[in-house]
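Report on one structure; see the data block that follows.
Structure (structure tokens):
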């Protein structure tokens, strides 16, 4: 059974897992990546597109490195999201509707 994940994007950004507030998600870019993935969870997201979207003024290789580091930070700080995300060499996606936030 997946943990209950509640992510609030409107108003003050907040994340709770099984009713417990998650701290340490203060980075605007981390919040933006999580919001983007949530809002586009119906389809896989290209790592290349995400890297360009979040770091448009850097080289492709640096943007990809930055994305990997941000994903690592997200997965470390929020294991419930790590379990819900499916990552491969080219894409990132939510595993299924069962793992989507708010589905418990």
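Residue numbers (the working numbering): 2 to 105.
The beta carbon of each residue, even a glycine, is placed where N, CA and C say it ideally should be.
Residues near residue i by beta carbon distance below 6 Å, same chain, minus five either side
i	result
residue 15	9
residue 17	7
Alpha-carbon spacing of residue i relative to residue j, whole angstroms
i	j	result
residue 34	residue 25	15 Å
residue 89	residue 39	17 Å
residue 53	residue 64	7 Å
residue 60	residue 66	10 Å
residue 1	residue 28	Residue 1 lies beyond the stretch modelled for the chain, which goes from 2 to 105, so this question has no answer here.
residue 110	residue 70	Since the first residue shown for the chain is 2 and the last is 105, residue 110 is missing from the structure and cannot be characterised.
Terminal residues of the beta strand (DSSP E) in which residue i lies
i	result
residue 15	15-18
residue 92	92-95
residue 7	6-9
residue 68	Taken as a continuous stretch (DSSP letters only), residue 68 belongs to no beta strand (DSSP E), being part of the alpha helix (DSSP H) at 61-78.
residue 88	86-88
Own chain residues within Cβ distance below 7 Å of residue i, not counting five before or after
i	result
residue 92	45, 46, 47 and 48
Pair within 8 Å by beta-carbon distance, residue i and residue j
i	j	result
residue 51	residue 68	yes
residue 31	residue 74	yes
residue 4	residue 83	no
residue 76	residue 87	no
Start-to-end residues for the alpha helix (DSSP H) that takes in residue i
i	result
residue 51	48-55
residue 34	29-40
Any C-beta of chain B under 8 Å from that of residue i
i	result
residue 14	Annotation note: the requested chain B is absent from the structure, which comprises a single protein chain.
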